[in-house]
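There are 2 protein chains.
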Amino acid sequence: MKTRVLAGLCMVPLLVIVYLGGYWLIGAAFLIGLIGLKEFYEGFKNMGFKPAFIVGYLSLFVLYVIQLWAPNNFTLILLWMFLSVMASGLYLFKIEDRKLEDAVTTAIGIMYVVFFSFHIALIADSPDLSIMIWIVLIASFATDIFAYFSGYLFGNKKLCPNLSPKKTWAGAIGGTLGSIICCGAFGYFVMPDMLVHCLVIGLVGAIFAQLGDLTASAFKRKMGIKDYGKLIPGHGGIMDRFDSVIMVAPVVYYYMTFVM
Amino acid sequence: MKTRVLAGLCMVPLLVIVYLGGYWLIGAAFLIGLIGLKEFYEGFKNMGFKPAFIVGYLSLFVLYVIQLWAPNNFTLILLWMFLSVMASGLYLFKIEDRKLEDAVTTAIGIMYVVFFSFHIALIADSPDLSIMIWIVLIASFATDIFAYFSGYLFGNKKLCPNLSPKKTWAGAIGGTLGSIICCGAFGYFVMPDMLVHCLVIGLVGAIFAQLGDLTASAFKRKMGIKDYGKLIPGHGGIMDRFDSVIMVAPVVYYYMTFVM
């Protein structure tokens with residue numbers, strides 16, 4: 091319980107950063123990418139693979155330099171993606187020392203951790219809608235918290251016992267309802283014109299938050315680790331805490347780009 | 091020799107398709123992606139992994155539907171990328187039957203084969219510069235052919251004996267010069283205003299063509315196969331023939347977008 095409270099306190103600086111927005115938020119996205127990538131690659135090391143940490147870090151660094159220099163320039167981001175995948179392949183050129191899995195896991199770390207979490211920066215740099223970053227956090231964390239409590243109170247039928255033994259249908263439904271309610275409340279009080287959009291994102295975001303959580307569980311099971319890290323007391327690493335956020339951020343970003 | 095001539099004849103329909111351009115060329119890019127992905131995944135199967143063919147094919151199909159519906163829409167392409175990587179991860183949900191490598195190789199096939207070769211379609215749909223597809227082919231194949239002959243005539247010092255034992259420095263230099271000369275000739279006769287750009291792409295394209303060739307060699311060595319396939323007599327599969335093209339196409343596309 092004490093560690094849970096401590097972990098809760100860790101969220102305070104996060105809220106301040108989200109409130110400040112702009113470069114602060116882009117910096118936070120960068121840090122999530124950096125620490126998340128390290129944790130993700132360490133997980134692969136646990137399987138006996140050796141992802142190219144240096145390629146991953148360099149790719150992350152280049153992406154954020156691009157973003158600072160030319161915000162939300164998608165042609166440059168596609169170029170970055172091409173070069174990152176290519177660099178992961180070039181890593182194989184020292185052919186005796188490296189396994190195919192080393193190259194492949196390097197690339198997947200970039201695509202999953204760096205690219206997914208980068209959508210936080212894309213939202214932060216969206217001129218009119220950067221406020222939507224709140225919806226990302228609300229959908230992610232409301233799903234998490236409401237799923238926890240409704241699973242605890244009403245849960246019996248297991249959702250996917252093989253993948254994540256503790257999850258129940260009651261938790262999934264409660265988490266989804268909680269997300270819709272909290273996103274709706276945010277919409278009602280902060281951006282009433284967009285209430286319907288907030289409710290829709292509350293629903294879709296909750297689904298993707300849970301998919302993100304389960305994906306992270308699947309990765310960790312296969313990597314043979316319980317948590318990605320020990321950074322946050324009682325909550326594991328950055329990737330344990332933000333596994334939903336990095337899945338919800340893209341959903342919110344594309345929703346606000348194509349629908350709102 | 092007979093098979094080489096046969097293989098040469100196989101290039102004739104390719105030239106017709108490039109001449110026709112437009113939907114024909116986009117269709118050709120789709121086929122390269124489709125057959126290339128199959129060959130690439132088969133290579134992983136040879137290592138005991140089971141990439142999700144269905145996820146890869148579906149991802150390819152969706153990408154080309156997007157391109158036909160909204161050509162060169164980069165936000166949609168980023169969304170496609172997010173969903174494709176995510177779908178590869180979801181493949182793990184049947185957790186008993188699937189290995190982490192199955193998901194990761196699924197994603198890398200999409201990023202490498204489908205995304206790289208898709209730049210052919212991006213070039214085909216570039217209103218003013220779709221002619222640059224010729225430069226992609228000229229740089230790729232001139233590098234290949236000139237490297238072969240100059241390696242044969244002058245080669246002794248090995249380029250990277252561990253990775254690709256037959257390649258020589260003479261071949262690499264001859265291939266690069268051949269690409270510059272052929273791209274320059276194309277520029278001189280067809281688009282004289284752009285001669286300098288053609289020469290630069292001749293140089294840069296030759297470097298990436300050879301990196302593409304070596305990357306494919308590295309993958310094949312690790313997969314334990316000599317060729318990706320047997321589609322083209324004497325030339326292996328689509329991926330053996332187009333390993334340079336799928337690396338040069340992005341280079342040409344980003345060059346023409348940012349520099350020309």
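Protein chains in written order, with this note's numbering: chain A, 91 to 350; chain B, 91 to 350. Built from N, CA and C at the ideal position, the CB exists for glycine as well. For clarity, every value in this text was computed on a predicted model and none was experimentally measured.
Endpoints, alpha helix (DSSP H) assigned at residue i
| i | result |
| --- | --- |
| A:G264 | 259-280 |
| B:P255 | From DSSP, B:P255 is part of no alpha helix (DSSP H); its letter is neither H nor E. |
| B:P340 | 335-348 |
| A:A177 | 164-180 |
| A:I301 | Looking at the sequence itself, residue 301 of chain A is Leu, so the reference to Ile does not match. Counting along the chain, the alpha helix (DSSP H) containing A:L301 begins and ends at 285-313. |
| B:N136 | 112-136 |
| A:I185 | No alpha helix (DSSP H) contains A:I185, which DSSP labels as neither H nor E. |
| A:M329 | 328-332 |
| B:D317 | Where B:D317 is concerned, there is no enclosing alpha helix (DSSP H), given that its DSSP letter is neither H nor E. |
Neighbour flag for residue i against chain B, beta carbons, 7 Å
| i | result |
| --- | --- |
| A:I213 | no |
| A:I116 | no |
| A:L253 | yes |
| A:T305 | yes |
| A:F164 | yes |
| A:V194 | yes |
| A:V286 | no |
Candidates the options, of which the one nearest residue i by Cα
| i | options | result |
| --- | --- | --- |
| B:V108 | B:I223, B:K312, B:F309, B:T233 | B:I223 |
| A:L158 | A:K140, A:F139, A:Y113 | A:Y113 |
| A:F164 | A:S216, A:Y202, A:S334 | A:S216 |
| A:V175 | A:I200, A:I213, A:R188 | A:I200 |
| A:L115 | A:K128, A:F134, A:F139, A:Y154 | A:Y154 |
| A:F208 | A:G123, A:I328, A:F244 | A:G123 |
| B:A308 | B:P255, B:L173, B:A211 | B:P255 |
| B:E129 | B:P282, B:D333, B:Y318 | B:Y318 |
| A:L267 | A:P103, A:L285, A:D234 | A:D234 |
| A:I336 | A:I125, A:L304, A:A237, A:Y202 | A:Y202 |
| A:R188 | A:F139, A:Y238, A:S334 | A:F139 |
Test: residue i CB closer than 7 Å to a CB of chain A
| i | result |
| --- | --- |
| B:Y344 | yes |
| B:A308 | yes |
| B:Y202 | yes |
| B:G126 | no |
| B:K312 | yes |
| B:I198 | yes |
| B:I185 | yes |
| B:G179 | yes |
| B:V155 | no |
| B:T347 | yes |
| B:P217 | no |
Buried or exposed by the 16-neighbour rule on C-beta atoms within 10 Å, applied to residue i
| i | result |
| --- | --- |
| B:L150 | buried |
| B:K316 | exposed |
| A:V349 | exposed |
| B:E191 | buried |
| B:D218 | exposed |
| A:Y278 | exposed |
| A:E186 | exposed |
| B:A118 | buried |
| B:P340 | buried |
| A:L99 | exposed |
| B:L110 | exposed |
| A:A160 | exposed |
| A:V280 | exposed |
| A:L243 | exposed |
| A:L301 | buried |
| B:L105 | exposed |
| B:K184 | exposed |
| B:L121 | exposed |
| A:V194 | buried |
| B:V286 | exposed |
| A:V102 | exposed |
| B:D303 | buried |
| B:D333 | buried |
Residues of its chain near residue i, where Cβ-Cβ distance is below 8 Å and the 5 sequence neighbours each way are ignored
| i | result |
| --- | --- |
| B:R311 | L253 |
| B:A214 | G111, G112, L115, I116, A119, S220, I223 |
| A:N162 | L212, D215, S216 |
| A:I270 | L289, G292, L293, A296 |
| A:I263 | S240 |
Close-in-space but distant-in-sequence residues of the same chain around residue i (CB under 6 Å, 5 per side omitted)
| i | result |
| --- | --- |
| A:V338 | V226, A229, S230, G295, F298, A299 |
| A:G241 | T258, A260, G261 |
| B:M137 | M313 |
Neighbourhood of residue i by C-beta, 7 Å cutoff - its chain only, sequence neighbours within 5 removed
| i | result |
| --- | --- |
| B:T196 | P141, A142, V145, G146, S178, Y181 |
| A:F276 | W224, I225, I228, C288 |
| B:D291 | Note that residue 291 of chain B is Ile in the sequence shown here, rather than Asp. These residues qualify, in order along the chain: I225, A229, C273, V342, Y345. |
| A:R331 | I322, H325 |
| B:V166 | According to the sequence as given, residue 166 of chain B is Leu; it is not Val. So the list reads I156, A160, once near-sequence residues are dropped. |
| B:W170 | V152, L153, I156 |
Any non-hydrogen atom of the ligand SAM closer than 6 Å to residue i Cβ
| i | result |
| --- | --- |
| B:Y242 | In the structure shown, the ligand SAM is absent, as is every other ligand, since no ligand is present at all. |
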